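In terms of mature numbering (1 follows the signal peptide of the UniProt record, and there is no 0), the sequence shown is residues -42 to -1, 1 to 752.
Glycine included, C-beta positions come from ideal geometry on N, C-alpha and C.
All values derive from a computational prediction rather than experimental measurement.
The next block holds one structure in the form of structure tokens; read it before the comments.
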Amino acid sequence: MEWWQAEGGRRRPGDPPGWTRPWRTGFLAAFVLSFSFLLAQGQPSLSKTAMYNITIFTEPPVALEGQTVNLTLKYNAANFAFCNWYRGTDVKENLIVTFYLPPINGNTTGPSYTGREVAGFGCSLFINNLHLNDSGTYVVTMNGPSVHGKGDVKIQVLGAVLKVTVTGPSHVVENQPVTFRCSSLGFNVSYSWLKGGQPIEAGGNFLVENNNLTLLSTSRSDATSYTCSGQNSFSANNSEPHRLEIFYGPEHPVISPLQRVYNEHSTLNLFCSAVSNPPAKFSWYLNGELLQQHNDSHLTQRLTLKNAGNYTCKVTNVETGLSNTAILEISIREAINHISIRDPGKVVENSTTYLNCTASGFNVSYYWLKGNQKLQAGGHISLSSNGQNLSLSRTSRQDSGVYTCSGINSFSNNSANYTLNVFYGPDAPVISPGGQFYAEGSNLTLSCQADSNPPANYTWSFKNSTHSGGIYQLFRLSSANNGTYTCEASNNETKLSQSKVQPICVLEKLSKPILWPSNSLVAENARFTLNCSTSSSSTVKVTWSKDSKPFPTNVEFDHENRTLTLRKFQQPDAGTYTCTAKHLLGAATSNPSILTLAYGPRSAQLNRTGTIEEPLGSELVLQCSAESVPRAKFEWFFNNTVNNGTEDTLNVHLKDWEDEGNYTCQAMNPFTTHTTSASVYVKLTDESAIQPRMSVAAIAGTTIGSVAGVVLCVIVVYVIWTKVSCWKKEQHASNGNIPSAPGHNQATDTKSKLGEEDIQYSTLAFNTKTASQPLSKSPRPLDSGIIYSEIKKK
């Protein structure tokens, strides 16, 4: 048993508005009340219980399937505590719901509760979504202290019209009756019928009885959909359309087309139709024999005479069991067949030729074609009246070809071919090649041809020998092959023959000329000669070419053009020369001779010019160039002295002051031995020898000190010289009179001239650099600050 518990007075869905159930209070009150009631039942009644009749009202008065009904109560007592609703009798098994009245609110459900029942205000009962089985008696009991009430009401649930269904045959043979039955669910249902969506009125061919519809005699127009409509006072519904098909026929079949005459080899295509439902089955018969085709058409391709006769179409309806037939007579006209041309036998040119054509068929006429051209009577062509015979007078070779005889009637044609082969010839033979002159050592193939049918037989004659065949081959021709060659052509069919003569002359074979010299350097303005070595025969001509261009005007030819002389060779004369030897049979070209103009050297140039300054210890790189053909050779000079360099580039390490001077490049053409040169002067500089500027006082002091020092040095030198002159005498004799090298702080002895005594030179060099500046490795002599002193004794 379920309890409805609603804390705070919440309303259950479906309850009447304002109806609440505080569950704690209701539960306690129900428990106390139930206990008191049970206790009272077990003891003798202390007071008399009042009995009441309860009136039950239904809203709405008529209960409809699927709708809602509300059962409400009317009673006078005010002290009822709870009420019970039952379906049927008021026994526990039929209990639907128990409802507790205020102040104890709530309800419990019983075994007959379906979930569609809801207790309402004042013990009313709502039943939702009524079912047909909800029909019956409903009992309510109400109890309270010393009071008891009871009431009942009977409910009849009226069903809506549902599941309207039509039963009956789906097809019937025409003119037969048919009956449809309509059924449905619902209360007090009445029926009506629709044909193709239109209402059916009873009478005539329609009989309507209750829920049945009868068509007394069906026709093909009754084939449509039938619908049953069920309705009662509060609902209506229709069935699904019920399709009725009427079987009828077949009616008399019709064969088309109605054409009765056909040409042989044409196509017969007959169609048979008949009104029938379902569609009829077809069978075809020819002269009573069943044919293989079983549809509404009969097709015969390429009719023959055997296909003529009576064609029967039989139609059958498998539902009605009826059949019907139609007959069409067909006749066939014979097409043209078996056409042929009689062979006229052997045909020789200028004879008369007869061609005869025959064919079988209906009303045949003839015409002739040669190739694709229709022949007409005239000239040497004659035709019979119906064109069956063709004659050619004075047949020529042009009459050879394919002749076609065509037979024709109103509906067919046929043709036959004959190839006419006219024998003729031979005509005058033609020998190829037709030339008379041929090269010695070459091969020659002579071909003899003559127009002839059949092809001619050929025989060659040369001197006392013969050769058969149209081809005559000669290998490695020589003077022995000189002479006259005769070709004779003959025809075995015409018994005719003709001949042709061909003279042959063998010329010597040209070898490749030799042009010499092959490659040469030619000096400018020089006279130069080229020689072309080839056959000296007068039939051989020599021509010259230079770079495929005409020769300049300064060219001389000699010895029958076999020598070419260039008088003053210039640059335009340089190029590639060839000579070509020619005669009637061909030409041969010599090897090429390449002439190159030798000139130069012109205007030697150095990469540096004039006077150049280079630091002492640096690398000097000089590059020399000169225009020259062939390439110039180079030689280098330093101060007019030959240097070891022979390339166009000179590399010099300027390590000493002696490397200062004039550097010269000389270019020489090894072919012309002409030379040209270019020079540059190299001046060396010492960056470390640059002295700082001195004041006037410093210069004066330095000068005075220098003079005093010189005087003192002269005195000291003289004293020393007088003491050691004896042992140095031999040494002085071996030395020349060489002045001291500039830039060196040293004394050098020189030998005096005859009649003079030697005196030693003293050279003083003053360096104005400070003591902290190092001296260069090879210092350059200074012009200032140097005093020479010379003492001579006579």
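Legend entry - Other residues of its chain near residue 539: CB distance less than 7 angstroms, five sequence neighbours each side excluded: The answer, listed in chain order, is 468, 471, 492, 493, 498, 500, 545 and 546.
Q. At a cut of 8 angstroms, does the segment 133 to 151 reach the segment 24 to 40 through at least three beta carbon pairs?
A. No contact exists between the segment 133 to 151 and the segment 24 to 40.
field: Collapsed DSSP secondary structure at residue 606 in the structure displayed
entry: Coil.
TODO: Take every Cβ of the segment 577 to 585, pair it with every Cβ of the segment 621 to 640, and state whether three or more of those distances are shorter than 8 angstroms.
DONE: Contact annotation: the segment 577 to 585 touches the segment 621 to 640, with at least three C-beta pairs closer than 8 angstroms.
Where do the ends of the beta strand (DSSP E) carrying residue 296 lie?
Element bounds for residue 296: 295 to 299.
Exercise. Could you check if residue 87 is buried or exposed, using at least 16 other CB atoms within 10 Å of its CB as the buried criterion?
Key: By the neighbour-count definition (other C-beta atoms within 10 Å, threshold 16), residue 87 is an exposed residue.
Contact between the segment 222 to 231 and the segment 206 to 214 (3+ Cβ pairs under 8 angstroms)
In short, these stretches touch, since the Cβ pair count reaches three.
*Measure how close the beta-carbons of residue 56 and residue 68 come, nearest whole angstrom, since I'm counting them as under 8 angstroms.*
Contact flag correct, Cβ pair sits at about 7 angstroms.
- Where does residue 320 sit, in a helix, a strand or coil, going by DSSP? In the structure shown, residue 320 sits in coil (DSSP, three-state: anything other than H, G, I, E or B).
Contact belief for residue 196 with residue 122 at Cβ below 8 angstroms, rounded distance in angstroms: With a contact defined as Cβ atoms closer than 8 angstroms, residue 196 and residue 122 qualify at about 6 angstroms.
**Report entry** For residue 161: DSSP bridge partner residues
**Finding:** For residue 161, which the question treats as bridged, DSSP gives the partners 164.
Under 8 angstroms between C-beta atoms of residue 600 and residue 621: No, the pair does not count as a contact, with Cβ atoms beyond the cut-off.
Taking DSSP's pairing of strands, which residues face residue 256 in a bridge? The partner list for residue 256 (beta bridge, DSSP) reads 228.
- Could you check the C-alpha separation between residue 345 and residue 265 for me, to the nearest Å? So the alpha carbons of these two residues sit roughly 32 angstroms apart.
Open item on the list: Considering Cα atoms alone, identify which of 220, 580 and 506 is closest to residue 609.
Closed with: Comparing alpha-carbon positions, the option among 220, 580 and 506 lying closest to residue 609 turns out to be 580.
Hey, residue 310 and residue 362 are a contact pair by Cβ (cut 8 angstroms); roughly how many whole angstroms apart?
Actually they are not in contact, since the Cβ atoms of residue 310 and residue 362 sit about 21 angstroms apart, beyond 8 angstroms.
- Query: Per DSSP, residue 493 is paired with what?
  - Reply: Residue pairing of residue 493 in beta bridges, as defined by DSSP: absent, with no partner found.
**Asked** Which residues in the same chain have their Cβ closer than 7 angstroms to the Cβ of residue 93, if we skip the five residues on either side of it in sequence?
**Response** Closer than 7 angstroms at the Cβ level, and outside the excluded window around residue 93, lie 113, 114 and 115.
Cβ-based burial, residue 100 [other Cβ within 10 Å; buried from 16] = Residue 100 comes out buried.
6 angstroms CB neighbourhood of residue 447 in its chain, flanking five on each side removed: Within the same chain, residue 447 has close Cβ partners 384, 387, 408, 414, 416 and 456.
Which of the three DSSP states, helix, strand or coil, is assigned to residue 65? Strand.
- Query: Can the beta-carbon of residue 556 be found less than 8 angstroms from the beta-carbon of residue 629?
  - Reply: Cβ atoms of residue 556 and residue 629: closer than 8 angstroms.
Helix, strand or coil at residue 369 [DSSP, three-state]: Residue 369: coil per DSSP, three-state reduction.
- 8 angstroms Cβ cutoff met for residue 207 and residue 235: Yes, the Cβ-Cβ distance between residue 207 and residue 235 is below 8 angstroms.
Query raised in the report: Among 77, 108, 276 and 449, which has the Cα closest to the Cα of residue 306?
Result: Among 77, 108, 276 and 449, the Cα nearest to that of residue 306 belongs to 449.
Exercise. Assign residue 347 to one of three DSSP states: helix, strand, or coil.
Key: Residue 347 falls in the strand class under three-state DSSP.
Do you know offhand how far residue 520's Cα is from residue 528's? Between residue 520 and residue 528, the C-alpha separation is close to 22 angstroms.
### Task
Please classify residue 142: does DSSP put it in a helix, a strand, or coil?
Three-state result, residue 142: strand.
Near residue 567, which residues of its chain fall below 7 angstroms by C-beta distance, leaving aside the five closest residues on each side in sequence?
Correct list, in chain order: 638.
Quick check on DSSP: helix, strand or coil for residue 38? Coil at residue 38, not helix or strand.
- Message: If you follow the beta strand (DSSP E) that residue 639 is in, where does it begin and where does it stop?
- Response: Start and end: 633 to 643.
Exercise for the section: Could you say if the segment 96 to 111 and the segment 10 to 17 meet the contact criterion of at least three C-beta pairs nearer than 8 angstroms? Expected result: Put simply, the segment 96 to 111 touches the segment 10 to 17. At least three CB pairs are less than 8 angstroms apart.
Can you find the residues in the same chain that come closer than 7 angstroms, C-beta to C-beta, to residue 477, ignoring five residues on each side of it along the sequence? If the five residues before and after residue 477 are omitted, its C-beta is found closer than 7 angstroms to the C-beta atoms of 551 and 552, all from its own chain and listed in chain order.
Worksheet entry | Touch test, the segment 323 to 334 against the segment 363 to 374, Cβ-Cβ under 8 angstroms, three pairs minimum | Yes, they touch.
**Asked** So, residue 43 versus residue 105, is the Cβ gap smaller than 8 angstroms?
**Response** Cβ distance not < 8 angstroms, so residue 43 and residue 105 don't count as in contact.
Let me know if residue 304 comes out buried or exposed under the rule of 16 or more other beta-carbons within 10 Å of its beta-carbon.
Residue environment for residue 304: exposed (fewer than 16 other C-beta atoms within 10 angstroms of its C-beta).
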